[in-house]
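Sequence lines, in order, name chains H and G.
Residue 1 is where the first sequence starts when you use full-length UniProt numbering, and the numbers rise one by one after that.
Residue 1 is where the second sequence starts when you use full-length UniProt numbering, and the numbers rise one by one after that.
We put the CB at the ideal spot given by N, CA and C, even for glycine.
Take a look at the structure set out below.
Protein chains: 2
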Amino acid sequence: MAYLVLEGFVSTSREVEDGKRQIMFFSIPGDMPTLMSHPDLPLDTDIQAMSACRLAAFDSRELYGLSLHFPRIGHIFWASALVFASIHREWIVNVGHRSAVSRLAHLFCEMAVRLEAYGLAREGSYEMPLNQVDLSDAIGLSRIHMNRSLQELRRQNLLTFENGRLTIHDWDRLVDVGHFRPDYLSLSLPIWRTGTIPAVPARTATGKTPVRRAIQI
Amino acid sequence: MAYLVLEGFVSTSREVEDGKRQIMFFSIPGDMPTLMSHPDLPLDTDIQAMSACRLAAFDSRELYGLSLHFPRIGHIFWASALVFASIHREWIVNVGHRSAVSRLAHLFCEMAVRLEAYGLAREGSYEMPLNQVDLSDAIGLSRIHMNRSLQELRRQNLLTFENGRLTIHDWDRLVDVGHFRPDYLSLSLPIWRTGTIPAVPARTATGKTPVRRAIQI
DNA sequence: CGTTGTATTGATGTACTTCAACGCCCGTGG
DNA sequence: CCACGGGCGTTGAAGTACATCAATACAACG
Numbered sequence: 001m002a003y004l005v006l007e008g009f010v011s012t013s014r015e016v017e018d019g020k021r022q023i024m025f026f027s028i029p030g031d032m033p034t035l036m037s038h039p040d041l042p043l044d045t046d047i048q049a050m051s052a053c054r055l056a057a058f059d060s061r062e063l064y065g066l067s068l069h070f071p072r073i074g075h076i077f078w079a080s081a082l083v084f085a086s087i088h089r090e091w092i093v094n095v096g097h098r099s100a101v102s103r104l105a106h107l108f109c110e111m112a113v114r115l116e117a118y119g120l121a122r123e124g125s126y127e128m129p130l131n132q133v134d135l136s137d138a139i140g141l142s143r144i145h146m147n148r149s150l151q152e153l154r155r156q157n158l159l160t161f162e163n164g165r166l167t168i169h170d171w172d173r174l175v176d177v178g179h180f181r182p183d184y185l186s187l188s189l190p191i192w193r194t195g196t197i198p199a200v201p202a203r204t205a206t207g208k209t210p211v212r213r214a215i216q217i
Numbered sequence: 001m002a003y004l005v006l007e008g009f010v011s012t013s014r015e016v017e018d019g020k021r022q023i024m025f026f027s028i029p030g031d032m033p034t035l036m037s038h039p040d041l042p043l044d045t046d047i048q049a050m051s052a053c054r055l056a057a058f059d060s061r062e063l064y065g066l067s068l069h070f071p072r073i074g075h076i077f078w079a080s081a082l083v084f085a086s087i088h089r090e091w092i093v094n095v096g097h098r099s100a101v102s103r104l105a106h107l108f109c110e111m112a113v114r115l116e117a118y119g120l121a122r123e124g125s126y127e128m129p130l131n132q133v134d135l136s137d138a139i140g141l142s143r144i145h146m147n148r149s150l151q152e153l154r155r156q157n158l159l160t161f162e163n164g165r166l167t168i169h170d171w172d173r174l175v176d177v178g179h180f181r182p183d184y185l186s187l188s189l190p191i192w193r194t195g196t197i198p199a200v201p202a203r204t205a206t207g208k209t210p211v212r213r214a215i216q217i
């Protein structure tokens, strides 16, 4: 099965040997997290709902067949895989070479840009149903140091983060702190014009359970 | 232009704000490093020859057109993008959560598996035309700490690395130290069967210069 | 009412960075 | 032939950004 996120956040992560979790990607409404792997191959990551989610389910073999018969559909899969890879590369740079505060700032900037492209953020404010443990697993730091970095961003009046909503007060300085390149995803370019997404029947998953299990509930 | 590596190593990297370089991927013979980005979009990374290389050049617009007319070709592009993304995810885990020694071990394991899949490694020994600065930029650590980690691997008799050749003495323990999952790329699966690659005219690039520039020489 | 999950703070430990120096090899030029 | 310099690997010592351990506070909840 392949899933399209309709509401909520879904993470792509892996359990590391010492029991910790490294989050590699947050899927937002409009993303298809299971398309990060080839339908013929076993999923090499954990896909997990970070909040209450609505998902649409497709048969991945059918999707795959579609892509072979209609090149333009295959092309969209390809382009989406390239965007996944591009975001991954940015995360490598992030966890590889930047300080805790920068990583955090960069993550907030990235989510802002992606959510805005889908119309899910307004004036630098967006729903972000994650707790500090989730954030620390994403940026690869201890929750304690993560907490202190978040405080630092607050202290500098760059943002507020409460009740699952992030509000950016000073975009320019946040971009600066996170060394964020706003155009890196090229989300504004015409290759993404595919028309509106049609309504689909959806099932509901409740928060914090693995998607595959949640779906079967 | 799109390039196919015929000989040598090519890195995908980005200059970070403080003048450092984060390497995100090593392309080996058989890889097409420029296919990590969409041909319609600006390249968002630096592509750099790490050694003397032979490359084959294609017009990327033509490749792109090919993929629209022949779905199976598009499918290969897609699958290759998925593998890029999968390797990227592994690198995120690597730089995010593992110690210096583990990162290094993991990198050596990954290259062994990939090179072996192309017939470029034998009995755990392969050409690796990189110096310690390159390696440290890939694993995101200072060259000094990288050097000490390499010494640790040598001290444990896991490998030797000299004259651009890596030889693994104890694969099982190296896999263990690097927490490497040998099957993670699924390189043995049938989706990769595409027949042999035909001979193509090639140009030569000399080491350590950006590919685009090298090509024009 | 205790229990559980989450945010926060302080104190201590450590893995890594940075700075500085040295040695080796090898190419270049006197 | 030797002198010089640059690239690369290696070592020691000092500094720092992070992790770990431990404790508290607070809200939600059965």
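- Sorting G:Asp170, G:Gly178, G:Gly164 and G:Tyr184 by C-alpha distance to the C-alpha of G:Gly8 places G:Gly164 at the top.
- When the Cα atoms are used, G:Glu123 and H:Thr12 turn out to be separated by approximately 35 Å.
- Counting of Cβ neighbours within 10 angstroms places H:Thr34 among the buried residues, the total reaching 16 or more.
- Between the stretch 158-177 of chain H and the stretch 125-132 of chain H, the count of C-beta pairs closer than 8 Å reaches three or more; the two stretches touch.
- In the DSSP assignment, no residue is bridged to H:Cys109.
- When Cβ-Cβ separations below 7 Å define contact, G:His106 makes no contact with chain H.
- As for any alpha helix (DSSP H) of minimum length 4 sitting wholly inside the stretch 34-72 of chain H, the runs are 60-69, ordered along the chain.
- Counting every other CB atom within 10 Å of its CB across the protein chains shown gives G:Ser99 a total below 16, marking it as exposed.
- If you check each beta-carbon in the stretch 72-88 of chain H against every beta-carbon of chain G, the ones closer than 8 Å belong to Arg72, Gly74, His75, Phe77, Trp78, Ala79, Ala81, Leu82, Phe84, Ala85, Ser86 and His88.
- If you draw a 10 Å sphere on the C-beta of H:Ser142, you find fewer than 16 other C-beta atoms in it, and that means exposed.
- For H:Met36, the chain G residues whose C-beta falls within less than 9 Å of its own C-beta are Leu82, Ala85, Ser86 and Arg89, listed in chain order.
- Beyond the five residues adjoining it in sequence on each side, G:Leu174 comes within less than 7 Å, by CB distance, of Ala105, Phe108, Cys109, Leu158, Leu159 and Ile168 in the same chain, given in chain order.
- Under the three-state reduction of DSSP, H:Ser27 is assigned to strand.
- Of all residues in the stretch 5-24 of chain H, only Arg14, Val16, Glu17, Lys20, Gln22 and Met24 place a beta-carbon less than 7 Å from a beta-carbon of chain G.
- Judged by beta-carbon spacing, G:Trp91 lies within the 7 Å limit of H:Ile92, meaning their Cβ atoms are closer than that value.
- At a C-beta separation below 8 Å, H:Leu68 has these neighbours in chain G: Pro71, Arg72 and His75.
- One thing to note: H:Gln48 has its Cβ no nearer than 7 Å to the Cβ of G:His97.
- Rounded to whole angstroms, the Cβ separation of G:His88 and H:Arg89 is 6 Å, and the two are in contact under 8 Å.
- The three-state reading of DSSP puts H:Arg181 in coil, since its state is none of H, G, I, E or B.
- From the beta-carbon of H:Tyr184, the residues of chain G found nearer than 9 Å are Asp44.
- Sorting H:Ala81, H:Val16, H:Val83 and H:Pro29 by C-alpha distance to the C-alpha of H:Leu120 places H:Pro29 at the top.
- Uninterrupted alpha helix (DSSP H) stretches at least 4 residues long and entirely within the UniProt domain "HTH crp-type" (98-172) of chain H occur at 100-117, 132-139 and 143-155, given in chain order.
- Under the Cβ criterion of 7 Å, G:Val113 is not counted among the residues facing chain H.
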